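Numbering (this note's numbering) for the sequence shown: 125 to 201.
See structure below.
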Amino acid sequence: MGWDDLNWLEDVHMGYESGKPAVFDRNVNGWVTTPKNMKLPKDQQDRDMIARELLIKFQMSPKHPLVQLKKAYKKFD
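Pasting the structure below:
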């Protein structure tokens with residue numbers, strides 16, 4: 125991924141938004157909920173690992189709001 129430091133991932137944990145499992149994305153100041161059909165493990169450490177994977181996949185997806193902002197406001201190609 126090209127990041128020099130991934131220690132920030134240690135601060136990512138599975139939480140709950142409106143009673144649904146979710147992870148908080150600081151970049152957009154909002155919650156990313158898990159898919160409805162996803163079964164979560166009982167172990168908190170395993171849930172946190174899933175939360176980290178979910179967050180990274182969302183941040184790298186074309187559906188992330190910052191991707192749309194970049195398209196709208198970038199000055200150079």
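Built from N, CA and C at the ideal position, the CB exists for glycine as well.
These numbers come from a predicted model, not from an experiment.
What are the boundary residues of the beta strand (DSSP E) that GLU141 is part of?
Reading the sequence shown from its first residue, position 17 is the one you call residue 141. Where GLU141 is concerned, the enclosing beta strand (DSSP E) stretches over 139 to 141.
So what does DSSP say about PRO189, is it helix, strand or coil?
Taking the sequence shown and counting its residues from 1, one reaches residue 189 at position 65. For PRO189, the secondary structure class from DSSP, reduced to helix, strand or coil, is helix.
Which parts of the stretch 143 to 184 are runs of the alpha helix (DSSP H), unbroken and 4 residues or longer, counting only runs that do not cross its ends?
List check, alpha helix (DSSP H) in window: 168 to 184.
Checking 8 Å against the spacing of the C-beta atoms, do LEU208 and ASP149 come in under that value?
Any property of residue 208 remains undetermined from this structure, which presents the chain solely from 125 to 201.
Assign ALA196 to buried or exposed, taking buried as 16 or more other Cβ atoms, counted over all protein chains shown, within 10 Å of its Cβ.
Translated into the one-based positions of the sequence shown, residue 196 becomes position 72. Within 10 angstroms of the beta-carbon of ALA196 lie fewer than 16 other beta-carbons, which makes it exposed.
Can ALA146 and THR157 be called in contact, C-beta distance under 8 Å?
Start at 1 with the first residue of the sequence shown, and residue 146 comes out as number 22. Start at 1 with the first residue of the sequence shown, and residue 157 comes out as number 33. Yes, the Cβ-Cβ distance between ALA146 and THR157 is below 8 Å.
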